[in-house]
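Residue 20 in this note's numbering sits at position 15 of the sequence shown; the count goes up by one each step and never skips.
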Amino acid sequence: MSLDLAGYQRRALRAAAHDLQPVAHVGKDGLSETFLRSVDEALAAHELIKVRFVDHKDERKEMAARLAERLDAAVAGVVGHVAILYRPHAEPEKRRVELPRREG
């Protein structure tokens, strides 16, 4: 499953994530299984998270895309050395983040 977001939805998610602190840091180990598991748990709990790239800074956009693909999430944006990831909760009644919708 791939989550496709429209530009206005990515923009709204970036704005919502502005005050968030990164919950995970990509270090020298890269996208290890332990790292993927912790990011998966954070997405399940919060839906919208930030991930900071401490190492692999030149590859941050590609790594953010791979991370989103592996975890069935969407990249709302990469700002500096931080990626913003979004994955809605599996149960609609437990969703915290409301995506904007355009009528029409």
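We put the beta carbon where it would ideally sit given N, CA and C, even for glycine.
Owing to the predicted nature of the structure, the values given are computational and were not obtained by experimental measurement.
Under 8 Å between C-beta atoms of residue i and residue j
| i | j | result |
| --- | --- | --- |
| Leu72 | Ala22 | no |
| Val87 | Val56 | yes |
| Ala47 | Val28 | yes |
| Leu76 | Asp34 | no |
Beta strand (DSSP E) segment containing residue i, residue limits
| i | result |
| --- | --- |
| Lys62 | Counting along the chain, Lys62 falls outside any beta strand (DSSP E), and DSSP gives it neither H nor E. |
| His51 | Segment Glu38 to His51 is the alpha helix (DSSP H) holding His51; no beta strand (DSSP E) there. |
| Leu90 | Val87 to Tyr91 |
Residue i, DSSP secondary structure in three states
| i | result |
| --- | --- |
| Gly82 | strand |
| Lys33 | coil |
Proximal residues to residue i (C-beta, below 6 Å), its chain only, five neighbours per side dropped
| i | result |
| --- | --- |
| Arg101 | Glu52 |
| Ala81 | Arg15, Leu18, Arg19, Ile89 and Tyr91 |
N-terminal and C-terminal residue of the alpha helix (DSSP H) that residue i is part of
| i | result |
| --- | --- |
| Arg106 | Careful: Arg106 lies outside any alpha helix (DSSP H) and carries neither H nor E. |
| Leu8 | Where Leu8 is concerned, there is no enclosing alpha helix (DSSP H), given that its DSSP letter is neither H nor E. |
Residues near residue i in its chain [Cβ-Cβ closer than 7 Å; skip 5 each side]
| i | result |
| --- | --- |
| Arg65 | Phe58, Val83, His86 and Ala88 |
| Ala78 | Leu8, Leu48, Leu90, Tyr91 and Arg92 |
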